[in-house]
Amino acid sequence: MKSTLLFLAVAISTQAASFENETSMEFHERQTRLISHLFSGYRKDVPPISTRGRYSSVTINPMVVNITLAYAKLLSVNEPNQLVDMIVEYNLASLFYRYNLTLKNKWNDARLTWNPADFDEIKGFLINRELIWRVDLMPYDSSSVVDIRDPDVQHAYVNSNGDIEFYVASVVSYSCPLNVKAFPFDKQVCEVNFASYNFGSSELQINADILKNYNGIGAFIKCAFIAQDHYHSN
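Going by mature numbering (1 follows the signal peptide of the UniProt record, and there is no 0), the letters in the sequence shown line up with residues -16 to -1, 1 to 218, in that order.
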């Protein structure tokens, strides 16, 4: 028993050490082998979401999407036209508000799973977003949405269990009622709404959160991020 334990310990130690002196080219070759395996037959135009419930009474498990607000910045307020511009980043207002928002999207694509032990202990990789299927969560009822990053530098991180993480940074323009009678002690509330244009709540479950170290930069920005069902007629 003692010799067996010793043998296993040595074997594990040797395996772990085998990558310590790995060159970037060696890692690239190993990662390329993994990606070639995963994307053989992969189709990004086919969503990994079951739509069987649309034409039968079968209960399906919806895809779970976690959307996290990471950054928000109020860029401008057009009081006469009640317009707001804001930058949004997500780890994704009716004033014409212009916002800068950063949002983090996370979902699971079972087609992109692997056993790290079979692929040189690689547990995840970055890949350009244009090469994979992505959740179609978009701001709706906005006057404009502009992605502030070039597509060439937008990458998603794929984990070995199929979890995919993707940051989105956009400038979003919204219009919402603006009442400045109490200025300079007024408080304005604007909603930034996100929706899937292709999937309903039975197919896509959205969980909303705010990054622990969230930064709200601008005119005293405070955010509440809530997921709720929204029904509309075609």
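All C-beta atoms, glycine included, are put in the ideal place defined by N, C-alpha and C.
Taking the Cβ atoms as the reference, arginine 113 lies roughly 6 Å from histidine 139, within the contact range of under 8 Å. Nearest neighbour of isoleucine 116 by Cα position, chosen from Ser185, Met9, Val142 and Lys107, turns out to be Val142. For the pair of segments examined, the segment 32 to 52 was found not to touch the segment 153 to 160: the number of CB pairs separated by less than 8 Å stays below three. Non-local beta-carbon contacts of arginine 14 in its own chain, meaning distances under 6 Å to residues more than five positions away in sequence, involve Asp104 in chain order. Looking only at Asn5, Phe23, Leu87 and Ser34, the smallest Cα-Cα distance to asparagine 50 is reached by Leu87. In this structure, glutamate 10 sits away from lysine 90, with a CB-CB distance that is not shorter than 7 Å. In this structure, the alpha-carbon of tyrosine 26 lies about 35 Å from that of alanine 56.
Nearest in C-alpha terms to arginine 95, of all of Glu187, Leu188, Ser186 and Asp29, is Asp29. Annotation for serine 144: Thr97, Trp98, Asn99, Pro100, Ile106, Lys107 and Gly108 place their beta carbon closer than 8 Å to its own, counting only its chain and skipping 5 residues before and after.
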